[in-house]
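For the protein sequence lines, the chains are Y, P and H, in the order given. Heads up, the first sequence is in my numbering, so the first residue is 1 and it goes up one at a time. Heads up, the second sequence is in my numbering, so the first residue is 1001 and it goes up one at a time. Heads up, the third sequence is in my numbering, so the first residue is 2001 and it goes up one at a time. We put the CB at the ideal spot given by N, CA and C, even for glycine.
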Amino acid sequence: MNLSDLLNQGVTALSAALGRREVSAVEIATAYLDRIEQAQPELNAFITVDREHTLRDALTADSMRAASPTQSLAGIPIAQKDVFCAKGWRTTAGSHMLENFIAPYDSAVVQQLNKQGFVTLGRANMDEFAMGSSNENSYFGPVKNPWDLGRVPGGSSGGSAAAVAAGLAPAATGTDTGGSIRQPAAWCGISGIKPTYGRVSRFGMIAYASSLDQAGMFARSAQDLAILMDVISGHDPRDATSVDRKDSPCAKELDKDIRGLRVGIPKQWFGEGLSAGVKVVVESAIQELVMMGCECVEIDLPMSEQAIPAYYVIAPAEASSNLSRFDGVRFGHRAAQYKDLAELYERSRGEGFGPEVKRRILMGSYVLSHGYYDAYYLQAQRVRRLIANDFERAFTLCDVIAGPVAPTTAFPLGSFGADPVQMYLADLYTIPVNLAGLPALSIPAGFDAGMPVGLQLIGPWWQEARLLQTAHAFQTTTDWHTKRPALYSGLKP
Amino acid sequence: MTRANWEVVIGLETHAQLSTQSKIFSGASVAFGAEPNTQACAVDLGLPGVLPVPNHAAVERAIRFGLAVGAHIAPVSIFARKNYFYPDLPKGYQISQMEIPVVQGGSLRIQTKAGEKIVNLTRAHLEEDAGKSLHEDFQGQSGIDLNRAGTPLLEIVTEPEMRSSEEAVAYARALHALVRWIEICDGNMQEGSFRCDANVSVRPVGQKEFGTRCEIKNLNSFRFLERAIEFEIKRQIELIEEGGQVVQETRLFDPDRDETRSMRSKEDAHDYRYFPDPDLPPLCISEEWIAEVASGMPELPEARRQRYMNELGLTEYDAGLLTATREAGEYFEALRGAAKGADAKLCANWVNGELSAAINRAGLELADAKVNPTQLAGLLVRLTDGTISGKIAKELFEIMWSEGGEADALIESRGLQQISDTGALEGVLKELIAKHPEQVEEYRGGKEKVFGFFVGQAMKATQGKANPAQLNALLKALLLGG
Amino acid sequence: MRFTEEDVRRVARLSRLALEPKEIEGFQQDLSQILDLAQKLQAIDTTNVEPLAHPGSSSVFLRPDVVTETDQREAFQAVAPEVDRGLYLVPRVVE
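So this is what it looks like as structure tokens:
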């Protein structure tokens, strides 16, 4: 296999090639960096690329592999969503507020990947502070969809998704609070997974909404996702919300036969809100599962319509508090002019944050403020319980839930410029999953008018293995996940 | 101002720094006096992405406190965020406990001139301390040191049941002694380990509704607490009597001017937007854990005081002194353990008497007393069995204090044994009687006082070692017998 | 649900965000819309429903009381906007 093909294969193939000494980490990294350089001006998938740093790390990875050949993942390159603190790397969270912030410590996710010898290719672009569904909210400019440069890649992990889709990286980290991995994965035609809440440590992951945020992965296949997730999973004593679940690894019996699997189809998710084109693709993907021996079961998620309202109370509330630390005192942007402490705060924050972030901070402070807490925040958390109960009930009737990721395919850039709140409504299939803390993934399922469509699979708490088995089985009989955007097939190498 | 028409209502909030090694939510050290910001780790600084993880020992100390005051220890309690902006609060919120604190209820017994009173507690909860602002040396600016940020605090809140500054100070002292007794806080007020906020209001006697209260913050000495409350009471009464209204506000005490001053706050009462901290799942405390902590608790002051009175027959006064601090009780217990045969009252008298006087004179703490319980026990044993007299015992104590040494060895080397041998004593007395015939006549004539003269002379002759009881009996017999 | 301009100003103050007059108007509309969304929650009867605040662990992990952090002041203050003699500088705090 030549280098160009190898770069398009994914983590499993790269690991094997590195293991057979067919290629070195330095060679692989150099090749991807060259691709990135070609793609970056148009695609804008990265906020920071540091060739020297990356090649240094690649060299270290080669040494690591030479010293202990069982380090089977050493030298695999990965793009890091710019929300994970990485020591010595500029960590911006897509914001002017952290434009010059060099993280003085490593996040757990970066630490775990570094320990296995992964090589950071660069810091992927994202919606500011992970708030957004289109990657149009980045201080560093929007990311384009590699399938159509006039369209968005999705968000907030748009840069990560675009990078993997365009062949600039075999894998990328992401975070998913309301769909920020699954939706860009779907719109960019790649595989992406958000684990059960608590599986991956949030230590060092710049917080948006603490009870919803989870780190996850983008890759070219479910098989790769399984390998990658087990690297970053695990209880971390530095994150009090992380859970010890060594008994439920993600990569377990990946080839398990899925015949007889009961697939739940939420009846509320195939109604009016779903576009016809996407519906056709998702339904035929589900048919594919049936042909593999799965059984379809209609399930009821009556609280479906409450998910967006609950989310847009809870997430902004938590964000408004999490972002208070950005005040110009110990790190981050500090206003140049201020006459007193109040102005220091107000101007540093007013200048440092973009409009979407401000919108959510204002909303969050409002719903937490005196007199409104019970009616909004508390009520939203109660409704959240009801949403989780819906899923718990559903999982007594089925083993996995299948459905769309988003109501449409990727929309054109600037579609919601005048009406940002309208964009929120497109999160209706992804948000309920975060509210319940369930694991879910998106895999390529086909195309609608040339744009990728994703199939969402949702599992019971801690059943990532089952999700990945199902996804993997789908990917052995279909080849949607191998499709690549024509625009980026000519990169060298 | 007619004080008698007014009733004072006081509630106290005390912040006790818990005596852990590391912070409540991070692994940084809490040691006092470090260079600025050398004990402020990433979590304490609120760097992007960091998360809090609670300290087991801080929770354990909260449980201990709950047990010591007879409170309900919540099986599940919640950490909440208190949101406000201030430079010494790095995250822009303080992690505290709001609706469901770890300790609920409880009470403390206090002693005042008017007698005993129970002060009920509303609650006690865990929270993190903020950093410090320094204002000198920084032209128009303040320097922020975050070493203290994240230090574990237990905030202890009373019901508004105190009715005078005396009661408030008595409560503060009792609480201070208790937290030191159960070793959850070192009580070092100079270093800020124990800080009181007083909520003070007044109302006309007989009125049911509370008046508007003011909070006086950060009083770090009992004297300041008393003076601040007194000033505030006067201020409020005068204000109302002159037709004004008390404004609910936070005030600081200025010890140089002996007055409270309104804190200049730029806006209205804070809207803290409390909500359960999503980074911290519920704090669960099992029955087993509580039982484990309970089994490791020392005997509490009140229980000990009762025991001394009921079982040992000590007076309320003596028992009170011996249980005022844990050290006094421990000394007493050790003394009793080593002084076989010496009775409790004797031991109590010596601890509260000679020992206490000696440490006060020397300006020492009991822990640094120059006579330890074993030494004193040796002395009391010999006093009890008659080897030495009471007078000699005092001398022996002085010797031990200044030179050290064991009772028996010193008695031996200095020949301090009491002379109880009737033959020897008679000899001495007969000699004295022979030498002072006039005084003998005077005594026989009815002058009782002369008896003391002979006693004094006999003591001189025996270097104070005559057994007083024996001496008295013999002298009387000889003088009367003719 | 109307989110007034006064609401925007108040909440901006609470959040320490300086806003331009144009921003205030824009946010007023956006926030009114979001509030309309949030209103839908009112229709749900949540009597006796426990809020779901922590979807993962139901009991917080407690760490042992050990000092694990060393002095990293130099590294941490390398990213600070203004420090002097180890202290973070801010405009004078009035008490």
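DSSP has residue i in a bridge; who is on the other side?
| i | result |
| --- | --- |
| methionine 1162/P | Ile1010/P |
| histidine 1125/P | Glu1155/P |
| glutamine 214/Y | Asp176/Y |
| threonine 1260/P | Phe1253/P |
| proline 2091/H | Gln1141/P |
| proline 77/Y | Val119/Y |
| alanine 1016/P | Leu1154/P, Phe1194/P |
| alanine 219/Y | Ala171/Y, Ser191/Y |
| proline 1204/P | Trp1006/P |
| histidine 1072/P | Gln1104/P |
| proline 1276/P | Ala1080/P |
| methionine 205/Y | Phe84/Y |
| phenylalanine 46/Y | Ala124/Y |
Assuming residue i contacts residue j under a Cβ cut-off of 8 Å, what Cβ separation, rounded to an integer in Å, is found between them?
| i | j | result |
| --- | --- | --- |
| alanine 45/Y | alanine 130/Y | Not confirmed; about 16 Å, so no contact. |
| alanine 504/Y | glycine 154/Y | Here chain Y comprises residues numbered 1 to 493, so residue 504/Y is not present and cannot be evaluated. |
| leucine 7/Y | glycine 167/Y | 6 Å |
| glycine 178/Y | methionine 126/Y | Going by Cβ atoms, the distance from glycine 178/Y to methionine 126/Y rounds to 14 Å, so no, they are not a contact pair. |
| phenylalanine 1224/P | phenylalanine 1253/P | 6 Å |
| leucine 1280/P | alanine 375/Y | Leucine 1280/P to alanine 375/Y, Cβ: 24 Å. No contact. |
| glutamine 381/Y | valine 231/Y | Not really, about 33 Å apart at Cβ, beyond 8 Å. |
Under 8 Å between C-beta atoms, does residue i make it to chain Y?
| i | result |
| --- | --- |
| valine 2066/H | no |
| alanine 1004/P | no |
| proline 2021/H | no |
| lysine 1266/P | Confidence in lysine 1266/P is poor, its pLDDT being 44 and thus under 50, which makes the residue's placement unreliable; the coordinate value appears in the next sentence. Yes, lysine 1266/P counts as interfacial toward chain Y. |
| leucine 2087/H | no |
| leucine 1126/P | no |
| alanine 1042/P | yes |
| glutamate 2050/H | yes |
Less than 8 Å between CB atoms is the rule here; does residue i satisfy it with respect to chain P?
| i | result |
| --- | --- |
| glutamate 356/Y | no |
| proline 2091/H | yes |
| arginine 90/Y | no |
| aspartate 2007/H | no |
| cysteine 296/Y | no |
| alanine 2069/H | For clarity, residue 2069/H is glutamate in the given sequence; the question names alanine instead. So, interface residue. |
| arginine 2063/H | yes |
| leucine 341/Y | yes |
| glutamine 2072/H | yes |
| phenylalanine 2076/H | yes |
| phenylalanine 203/Y | yes |
| alanine 2012/H | no |
Using beta-carbon positions only, say whether residue i and residue j come within less than 8 Å of one another.
| i | j | result |
| --- | --- | --- |
| alanine 1377/P | alanine 1339/P | yes |
| cysteine 1041/P | glutamine 2077/H | no |
| isoleucine 1216/P | threonine 1260/P | yes |
| leucine 225/Y | valine 263/Y | no |
| proline 404/Y | tryptophan 269/Y | yes |
| asparagine 322/Y | serine 442/Y | no |
| glycine 1187/P | valine 1200/P | no |
| valine 383/Y | proline 316/Y | no |
| alanine 1016/P | leucine 1153/P | yes |
| glycine 94/Y | tyrosine 32/Y | no |
| threonine 1323/P | arginine 1336/P | no |
| threonine 1151/P | glutamate 1128/P | yes |
| threonine 1020/P | asparagine 1055/P | yes |
Is the Cβ of residue i closer than 8 Å to any Cβ of chain H?
| i | result |
| --- | --- |
| isoleucine 1144/P | yes |
| arginine 21/Y | no |
| methionine 363/Y | yes |
Original post:
Curious, which full-length beta strand (DSSP E) runs of at least 3 residues does the region 242-297 of chain Y contain?
Top reply: 262-266
Subject >> Segments assigned beta strand (DSSP E), at least 3 residues, entirely inside the region 393-471 of chain Y >> reply: 400-404, 440-448, 451-458
Subject >> 4 or more residues per run - each alpha helix (DSSP H) lying fully within the region 1033-1066 of chain P >> reply: 1042-1045
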